[in-house]
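For the sequence shown, the positions run -6 to 550 when the numbering used here is used.
Beneath this line is the structure, given in structure tokens, with notes to follow.
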Amino acid sequence: MAFNKRSRHITQGVARSPNRSMYYALGYRKEDFDKPMVGVANGHSTITPCNAGLQRLADAAVDAIRAADANPQIFGTPTISDGMSMGTEGMKYSLISREVIADCIETAAQGQWMDGVVVIGGCDKNMPGGMIALARINVPGIYVYGGTIRPGNWKGKDLTIVSSFEAVGEFTAGRMSEEDFEGVERNACPSTGSCGGMYTANTMSSSFEALGMSLLYSSTMANPDQEKVDSAAESARVLVEAIKKDLKPRDIITRKSIENAVSLIMATGGSTNAVLHYLAIAHSAEVEWTIDDFERIRRRVPVICNLKPSGEYVATDLHRAGGIPQVMKILLNAGLLHGDCMTITGRTLAEELEHVADQPRADQDVIMPLDRALYKQGHLAILKGNLAEEGAVAKITGLKNPVITGPARVFEDEASAMEAILADRIRPGDVLVLRYLGPKGGPGMPEMLAPTSAIIGKGLGESVGFITDGRFSGGTWGMVVGHVAPEAYVGGTIALVQEGDSITIDALQLLLQLNVPEDELARRRAGWKQPGPRYTRGVLAKFARLASTASKGAVTD
């Protein structure tokens, strides 16, 4: 069997002599044309610490591909920093970068007839972008996560980037000194690697272990550590073997393996963004998957990991406690994972977990046994009601006040909401409504970490509700509801909310309701007019035209 069955289209035969001439310019030898061509989608970038440590992982993958008698082909993928763009117009490009990354990988891999692809990424949208591409093109592929950042420290307290966002609210509320404010700012991010809690990057990379598309233990390694380099090399070696076995992403990404991934997300307390991203991944893999499937899994999978943002620990702590394999083994033994799902190694998930202890170690409190679960059900809930007929996404565990009914405080841009919060114009019991920030209206569903963190810093995290047709960062916690669909821009009910209207967020009944009579809503709807597009040229305009509703993943194809 030829292991270069795709790349032979551009390397074999008399007609391909000019193609080979170009390969000779790159240092290829005649015998190389019979070897598989393996793409290395390198997300290295000095834009962000999340991606600044990826080059040595790419170098390790290249060396391993050569050692496995295959041809590495490096190409770049873009990134933006969610943390740096947060609270600015640049955040509108975050979700869009997921689609751009997927399109870049598809374009390079298909245009060059690559036989397989190693995808290396770090910041939040790198993971779903890469996996969407692998599912879409369906050539052998593996995901190599860049690794987590180490925790920062200030005056004996561990820090993450969210500590810095929350410090803004604390400082402006007079609850933090200038010395401590600057100390947190300088020390929150002490190394390369992605944001350290179970935020979006770590959520997605961890779930890829359960999905079967990344090697075990790889998602919780710190970027600066040698084991991360070694894991990248091993991932490349495993991919070359997958090419020889003709083991493709859609052999691995199935309805059952997505159930495994989502179950892992629930157990670890992962990011709301995972809902959007797995809808998109399933779409690309042509797997039937709806927003209601998340609620089905939430009801049966407990939260067993004590991780930030709602818990105490970060990814490096999870790694020391046994990593994602330990979490998966607990779930597998309880019948909460499908052990017969195939993984990129060619072994089933159950076979991969054979060496893992049945119970977590007693000398740690990061991973809990099922009988000591932090919460009996998962945390990512799908709320519905007249404000979200298609659904909305909320984190509902750990709330002291799971039900809030209060007056709407309506904002149509993040800056205005932030100004009101910092000026102390938001009161306990208020429900903030940020709208026209959905896939089409934002466009791009920007994340609202800055205002939610400011609310927490002001001491209002348990007493103020927050709903939006945009998104929330994986670092967000509190009474927050995002991904409201239909969005305001297409005439969803959220567009009809007026200042002072009564809104109910009920995390117990999974209800998101605008308490306004139907005849009044009908009157408002009759008078509503769709605003003009915010952008008419460029990638933002393109995304606004193409993006689906959030309840279907905000996909563009």
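Built from N, CA and C at the ideal position, the CB exists for glycine as well.
### Task
Go to residue 208, then tell me how far its beta strand (DSSP E) extends in each direction, as first and last residue.
Taken as a continuous stretch (DSSP letters only), residue 208 belongs to no beta strand (DSSP E), as it is neither H nor E.
### Task
Determine, using beta-carbon pairs with one atom in the stretch 425 to 439 and one in the stretch 456 to 472, whether at least three such pairs fall under 8 angstroms.
Contact holds: three or more Cβ-Cβ distances are below 8 angstroms.
#### Entry: Counted within 10 angstroms of its Cβ, other Cβ atoms place residue 333 as buried (16 or more) or exposed
Under a 10 Å Cβ-count criterion, residue 333 is classified as exposed, with fewer than 16 other Cβ atoms of the shown protein chains found around its own Cβ.
### Task
Please report the Cβ distance between residue 371 and residue 294, rounded to the nearest whole angstrom; I am assuming they are in contact, meaning their Cβ atoms lie under 8 angstroms.
The beta carbons of residue 371 and residue 294 sit about 5 angstroms from each other, so the pair counts as a contact at 8 angstroms.
### Message
At the level of alpha carbons, what is the spacing between residue 532 and residue 89?
### Response
Roughly 8 angstroms separates the two Cα atoms.
### Message
Beta-carbon within less than 6 angstroms of residue 385's beta-carbon, same chain only, minus the 5 sequence neighbours each way: which residues are those?
### Response
Close CB contacts of residue 385 within its chain, under the 6 angstroms cut and outside five residues either way in sequence, are with 376, 474, 476, 477 and 505 (chain order).
### Task
Could you pull the start and end residues of the beta strand (DSSP E) that residue 64 belongs to?
Here the beta strand (DSSP E) through residue 64 covers 64 to 69.
### Task
Tell me residue 506's beta-bridge partners as DSSP assigns them.
Residue 506 pairs with 497.
### Message
So, under 8 angstroms CB-CB, residue 242 and residue 206 are touching, yes? Tell me the CB distance rounded to an integer number of Å.
### Response
Correct: roughly 7 angstroms between the Cβ atoms.
#### Entry: Cβ-based neighbour list, residue 326, same chain, cut-off 8 angstroms, excluding 5 preceding and 5 following
Hits under 8 angstroms: 351.
### Span of the beta strand (DSSP E) around residue 461
Element bounds for residue 461: 458 to 461.
### Range covered by the alpha helix (DSSP H) that runs through residue 534
Unbroken alpha helix (DSSP H) run through residue 534: 531 to 539.
### Opening and closing residue of the beta strand (DSSP E) in which residue 151 lies
Boundaries of the beta strand (DSSP E) around residue 151: 150 to 152.
### Query
Can we say the stretch 430 to 439 touches the stretch 479 to 492, given the rule of at least three CB pairs closer than 8 angstroms?
Between the stretch 430 to 439 and the stretch 479 to 492 there are three or more C-beta pairs closer than 8 angstroms, enough to call the two in contact.
### Message
Alpha carbons only, please: which of 362, 379, 315 and 380 is nearest the one belonging to residue 567?
### Response
Residue 567 is absent from the model: the chain starts at -6 and stops at 550.
### Residues near residue 509 in its chain [Cβ-Cβ closer than 6 angstroms; skip 5 each side]
Answer for residue 509: 494, listed in chain order.
### Query
Alpha carbon to alpha carbon, what distance is there between residue 165 and residue 452?
CA-to-CA, the gap between residue 452 and residue 165 works out to about 11 angstroms.
### Task
Taking residue 400 as part of the beta strand (DSSP E), name the residues at either end of that continuous run.
Taken as a continuous stretch (DSSP letters only), the beta strand (DSSP E) holding residue 400 covers 396 to 404.
#### Entry: Range of the contiguous alpha helix (DSSP H) that encloses residue 414
That run of the alpha helix (DSSP H) goes 407 to 415.
#### Entry: First through last residue of the alpha helix (DSSP H) which encompasses residue 249
Counting along the chain, the alpha helix (DSSP H) containing residue 249 begins and ends at 248 to 261.
### Query
From residue 418 to residue 129, what distance separates their C-alpha atoms?
Approximately 47 angstroms between the Cα atoms of the pair.
### As assigned by DSSP and simplified to three states, the class of residue 464
For residue 464, the secondary structure class from DSSP, reduced to helix, strand or coil, is strand.
### Message
Going by beta-carbon coordinates alone, are residue 466 and residue 440 separated by less than 8 angstroms?
### Response
In this structure, residue 466 lies near residue 440, with their beta-carbon atoms less than 8 angstroms apart.
### Task
Please state whether DSSP places residue 17 in a helix, a strand or coil.
In the three-state scheme derived from DSSP, where H, G and I count as helix and E and B as strand, residue 17 is classed as helix.
### Query
With burial defined as no fewer than 16 other Cβ atoms inside 10 Å of the residue's Cβ, what is the status of residue 362: buried or exposed?
Classification for residue 362: exposed.
### Message
Rounded to whole angstroms, what is the Cα-Cα separation between residue 498 and residue 402?
### Response
Rounded to whole angstroms, residue 498 to residue 402 spans 14 angstroms at the Cα level.
### Query
Using the rule of at least 16 other Cβ atoms within 10 Å of the residue's Cβ for burial, across every protein chain shown, is residue 17 buried or exposed?
Note on residue 17: under 16 other CB atoms within 10 angstroms of its CB, so exposed under the neighbour-count rule.
### Query
Leaving out five residues before and five after residue 48 in sequence, what residues of the same chain have Cβ atoms less than 6 angstroms from its Cβ?
Excluding residues within five positions, the ones whose Cβ falls inside 6 angstroms are 37.
### Query
Whole-angstrom Cβ separation of residue 139 and residue 114, contact assumed at under 8 angstroms?
The C-beta distance from residue 139 to residue 114 rounds to 6 angstroms, short enough to meet the 8 angstroms contact threshold.
### Task
Label residue 282 either buried or exposed according to how many other C-beta atoms from any shown protein chain fall within 10 Å of its C-beta, with 16 as the threshold for buried.
The residue is buried, with at least 16 neighbouring Cβ atoms inside 10 Å.
### Query
When we look at the beta-carbon of residue 7 and count the other beta-carbons within 10 Å, is it buried (16 or more) or exposed?
Counting of Cβ neighbours within 10 angstroms places residue 7 among the exposed residues, the total staying below 16.
### Message
Less than 6 angstroms between C-beta atoms, sequence neighbours within five positions excluded: which residues of the same chain meet that for residue 0?
### Response
So the list reads 30, 106 and 108, once near-sequence residues are dropped.
#### Entry: Proximity of residue 184 and residue 217 at Cβ, strictly below 8 angstroms
Remark: C-beta atoms of residue 184 and residue 217 approach each other more closely than 8 angstroms.
### Query
Which residue comes first and which comes last in the alpha helix (DSSP H) that contains residue 37?
No alpha helix (DSSP H) holds residue 37; DSSP gives it neither H nor E.
### Query
Is the stretch 118 to 125 touching the stretch 217 to 235, taking contact as three or more C-beta pairs under 8 angstroms?
The count of Cβ pairs closer than 8 angstroms, one atom from the stretch 118 to 125 and one from the stretch 217 to 235, stays below three, leaving the stretches out of contact.
### Task
With a 10 Å radius around its C-beta and 16 neighbouring C-beta atoms as the bar for buried, classify residue 501 as buried or exposed.
Counting the other Cβ atoms within 10 Å of the Cβ of residue 501 gives fewer than 16, which makes it exposed.
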